[in-house]
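Peer 1: Residue numbers (the working numbering): 11 to 125.
Cβ coordinates follow ideal geometry from the N, Cα and C atoms, glycine included.
Keep in mind that this is a model prediction, so the values were computed, not measured.
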């Protein structure tokens with residue numbers, strides 16, 4: 011089992027910044043991919059960004075150039091630096107941890123972009 015704990019959400023004005031964190035613990039497998047997804051009210055959950063244990067990062071077109079995903083040296087904590095936030099970025103952000111065999115999700119953290 012892998013446990014994921016997210017933090018860093020909140021209310022921010024348009025154009026502002028937030029940094030999300032996701033700490034993984036438990037049965038960590040060396041080869042894995044961690045990522046961020048989000049779900050806005052009335053919409054399906056969508057991919058935001060991911061980072062593999064090999065160092066590959068991927069972003070949704072909607073956040074390229076504004077969001078940056080990173081991981082600590084132990085690769086058990088993942089971050090999402092969000093700059094230039096827009097009202098359409100408002101959603102619950104979920105951390106995802108995946109290996110070849112399993113997928114785990116965090117509980118989600120609310121991000122609200124509003125003036």
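If you drop the 5 nearest sequence neighbours on each side, which residues of the same chain put their C-beta closer than 6 Å to that of residue 43?
Peer 2: On the chain shown, position 33 is the one that residue 43 refers to. If we look at residue 43 and ignore the five residues flanking it on each side, its Cβ neighbours are 60, 62 and 108.
Peer 1: Please determine if the region 18 to 26 and the region 65 to 74 are in contact, where contact requires at least 3 C-beta pairs separated by less than 8 Å.
Peer 2: Counting Cβ pairs under 8 Å, fewer than three are found: no touch.
Peer 1: I believe residue 14 touches residue 119 by the beta-carbon criterion, under 8 Å. Please report the beta-carbon distance rounded to the nearest angstrom.
Peer 2: The sequence position of residue 14 within the chain shown is 4, counting from 1. The sequence position of residue 119 within the chain shown is 109, counting from 1. Residue 14 to residue 119, Cβ: 11 Å. No contact.
Peer 1: Please check the pair residue 121 and residue 99, which I expect to be a contact at CB under 8 Å, by giving their CB distance rounded to whole angstroms.
Peer 2: As a working mapping, residue 121 is identified with position 111 in the chain shown. As a working mapping, residue 99 is identified with position 89 in the chain shown. Contact flag correct, Cβ pair sits at about 6 Å.
Peer 1: Are residue 81 and residue 92 close, meaning C-beta to C-beta below 7 Å?
Peer 2: As a working mapping, residue 81 is identified with position 71 in the chain shown. As a working mapping, residue 92 is identified with position 82 in the chain shown. No.
Peer 1: DSSP state of residue 54, grouped into three classes?
Peer 2: Along the chain shown, read from residue 1 onward, the residue named residue 54 stands at position 44. Coil at residue 54, not helix or strand.
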